[in-house]
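S.K.:
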DNA sequence: GGATGTGAATGTCTTCACAGCT
DNA sequence: AGCTGTGAAGACATTCACATCC
């Protein structure tokens, strides 16, 4: 299969969001132009992105909203649920945990971990917070697909090493640090400081 | 001046992080190769990125860590403090507020807002949480440079419109929604759902 | 000798523009 | 006539490779 760029995947997610709104609003058909307007792209871009995966439109008419929703969900792997673990039960972890939009999109949090004995044993919406030492066992038992890392920067690499050893292949990291993972593991970073510094650059350059 | 890509700016931030660690560890000189290894790039990339802004190295030797830290800080606008407002005093807002690493990097939170009367009036580390209605006045009084939006998706566009009207030109948005802002305003998005969906795509494609 | 700075070459992503289908 | 699907062109970003300087 062709190599798909990260930005193309990101745009597909955005298209999907808008398409789901449109579907809920009863819209049946949509053109690449309309989709582009709301997805933050050009119409050619939309068509190119979709054409990477197939021919979903009708010439002269556009795309069936319903059908395109189904197609993109399949492409992105959102036609199933993913089993997620949250590592780090601090303020950020808590905010992520209670952000129930994930659940709605098929990301189920199955386990929560923390290294702080003061937090271990607490009950989080039916889940018990487990100590880091139990990670290997539980990640395997729960067949976790994706781990979210929300620990301080200096603890992140150790945590990630554990996660990798437990066989988890996808990691979303919130710690502001560059982590090393094996080739076979996919790592994404959400780095708020980096974003702020980007804004700083933009403000500075005027 | 040349146009600088967003990814180049992001890499500069990463280089800076490592350089500051190295500086703290007493390292005086560093080569593009070493910097690349830790910054997640190639040596040619490092040199190219830096050359966009000047010639900071010595041939045969490398770069002075101390000097390069100073240069990159200047380039990114981190040689000053930026005045930040936080809009949304929910769990995410609270997590961001207590994340004191921002402060250390020159991003000072000067005001907090929320639309919930139950939260308005609370004291957050010396700051009073103000109602949305006061945003226009306070953003101007406090000369806020950057607004962080941490409100639910359906409230985000309204909040952003207010922020823009108050003259703030840089916004970091955490709501999972595509916002419209005028050309002159810089908007960055941190969209956790999008990142998870990206990981889903990666897992799915095997 | 060793590492920078940078044109040239390569690779990747986006936009153009139009043939082809409905 | 209208809108998709897609090669070709163009823009942009990365990597190569080497002359240049410390």
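Residue numbers (this note's numbering), protein chains in the order written: chain F, 1 to 206; chain C, 1001 to 1206.
Quick reminder that beta carbons are idealized off the backbone N, C-alpha and C, glycines included.
Only a predicted model underlies this, so the values are computations on that prediction, with no experimental measurement involved.
Chain C partners of residue 198 of chain F, CB-CB under 8 angstroms?
M.R.: 1006, 1009, 1010, 1013 and 1188
S.K.: Residue 1102 of chain C bridges to which residues according to DSSP?
M.R.: Answer is none; residue 1102 of chain C lacks a bridge partner.
S.K.: List the endpoints of the continuous alpha helix (DSSP H) containing residue 1179 of chain C.
M.R.: Taken as a continuous stretch (DSSP letters only), residue 1179 of chain C belongs to no alpha helix (DSSP H), as it is neither H nor E.
S.K.: Using beta carbons (cut-off 8 angstroms, strictly below), is residue 1111 of chain C in contact with chain F?
M.R.: no
S.K.: If you follow the alpha helix (DSSP H) that residue 1192 of chain C is in, where does it begin and where does it stop?
M.R.: From DSSP, the alpha helix (DSSP H) with residue 1192 of chain C extends over 1192–1204.
S.K.: According to DSSP, residue 188 of chain F sits in a beta bridge with which residue or residues?
M.R.: Beta bridge pairing from DSSP links residue 188 of chain F with F:172.
S.K.: Step through the CB atoms of chain F and report whether any lies within less than 8 angstroms of the CB of residue 1114 of chain C.
M.R.: no
S.K.: If we ignore side chains and look at the alpha-carbon of each, how far apart do residue 1117 of chain C and residue 1161 of chain C end up?
M.R.: 21 angstroms
S.K.: Could you tell me whether the region 133–148 of chain F touches the region 161–174 of chain F, using the rule of 3 or more Cβ pairs below 8 angstroms?
M.R.: yes
S.K.: In this structure, does DSSP put residue 1032 of chain C in helix, strand or coil?
M.R.: helix
S.K.: What does the Cβ neighbour count give for residue 119 of chain F, buried or exposed, with the cut at 16 atoms within 10 Å?
M.R.: buried
S.K.: Compute the beta-carbon to beta-carbon distance between residue 195 of chain F and residue 1027 of chain C, rounded to the nearest angstrom, for a pair I have assumed lies under 8 angstroms.
M.R.: 27 angstroms between Cβ atoms; not a contact.
S.K.: If you run the structure through DSSP and keep just helix, strand and coil, what is residue 1163 of chain C?
M.R.: helix
S.K.: Hey, would you say residue 1077 of chain C sits closer than 8 angstroms to residue 200 of chain F, going by beta carbons?
M.R.: yes
S.K.: Between residue 1067 of chain C and residue 1056 of chain C, which are expected to be in contact by the criterion C-beta below 8 angstroms, what is the C-beta distance as a whole number of angstroms?
M.R.: Their Cβ separation, rounded to whole angstroms, is 7 angstroms, which keeps residue 1067 of chain C and residue 1056 of chain C in contact under 8 angstroms.
S.K.: On the DSSP letters alone, give me the boundaries of the alpha helix (DSSP H) that residue 1075 of chain C sits inside.
M.R.: 1065–1076
S.K.: Closest to residue 1157 of chain C by C-alpha separation, out of C:1181, C:1144 and C:1170, would be which residue?
M.R.: Residue 1157 of chain C has its Cα closest to that of C:1181, out of C:1181, C:1144 and C:1170.
S.K.: For residue 136 of chain F and chain C, any beta-carbon pair shorter than 8 angstroms?
M.R.: no
S.K.: Distance cutoff 8 angstroms, beta carbons only. Does residue 1102 of chain C sit that close to anything in chain F?
M.R.: yes
S.K.: May I ask which residues mark the beginning and end of the beta strand (DSSP E) holding residue 110 of chain F?
M.R.: The continuous beta strand (DSSP E) containing residue 110 of chain F extends over residues 107–114.
S.K.: What does residue 91 of chain F reach in chain C if we use C-beta pairs closer than 7 angstroms?
M.R.: 1094, 1095 and 1098
S.K.: Does the CB of residue 117 of chain F have a neighbour CB from chain C at under 8 angstroms?
M.R.: No, no contact with chain C.
S.K.: Using 10 angstroms around the beta-carbon of residue 1121 of chain C, count the other beta-carbons present and answer buried if the total reaches 16, otherwise exposed.
M.R.: exposed
S.K.: In chain order, what residues of the same chain have a beta carbon less than 6 angstroms from the beta carbon of residue 1044 of chain C, not counting five sequence neighbours either side?
M.R.: none
S.K.: Looking at the strands, I want to know which residues DSSP matches up with residue 149 of chain F.
M.R.: Answer by DSSP bridge pairing, in chain order: F:87 and F:173.
S.K.: Comparing C-alpha positions only, which one of C:1088, C:1149, C:1145 and C:1058 sits nearest to residue 1106 of chain C?
M.R.: Residue nearest to residue 1106 of chain C within the set C:1088, C:1149, C:1145 and C:1058 is C:1145 (criterion: CA-CA distance).
S.K.: Quick one: grab the DSSP three-state call for residue 48 of chain F.
M.R.: helix
S.K.: What does a CB cutoff of less than 8 angstroms around residue 1004 of chain C pick up in its chain, not counting 5 residues either side in sequence?
M.R.: 1052
S.K.: In the DSSP assignment, what are the bridge partners of residue 1130 of chain C?
M.R.: DSSP lists C:1113 as partners of residue 1130 of chain C.
S.K.: Does the CB of residue 1064 of chain C have a neighbour CB from chain F at under 8 angstroms?
M.R.: no
S.K.: Listed from N- to C-terminal order along the chain, which residues in the region 1032–1065 of chain C have their beta-carbon within a distance smaller than 9 angstroms of any beta-carbon of chain F?
M.R.: Contact residues of the region 1032–1065 of chain C toward chain F are 1038, 1039 and 1040 (C-beta to C-beta distance below 9 angstroms).
S.K.: Assuming residue 1147 of chain C and residue 1085 of chain C form a contact by the criterion Cβ under 8 angstroms, report the distance between their Cβ atoms to the nearest whole angstrom.
M.R.: 5 angstroms
S.K.: Rounded to whole angstroms, what is the Cα-Cα separation between residue 1184 of chain C and residue 1104 of chain C?
M.R.: 28 angstroms
S.K.: Check this for me: beta carbons of residue 108 of chain F and residue 73 of chain F, under 8 angstroms apart or not?
M.R.: Not in contact: residue 108 of chain F and residue 73 of chain F (Cβ atoms no closer than 8 angstroms).
S.K.: Across which residues does DSSP place residue 62 of chain F in a beta bridge pair?
M.R.: F:58
S.K.: Could you check whether the Cβ of residue 1161 of chain C sits closer than 8 angstroms to any Cβ belonging to chain F?
M.R.: no
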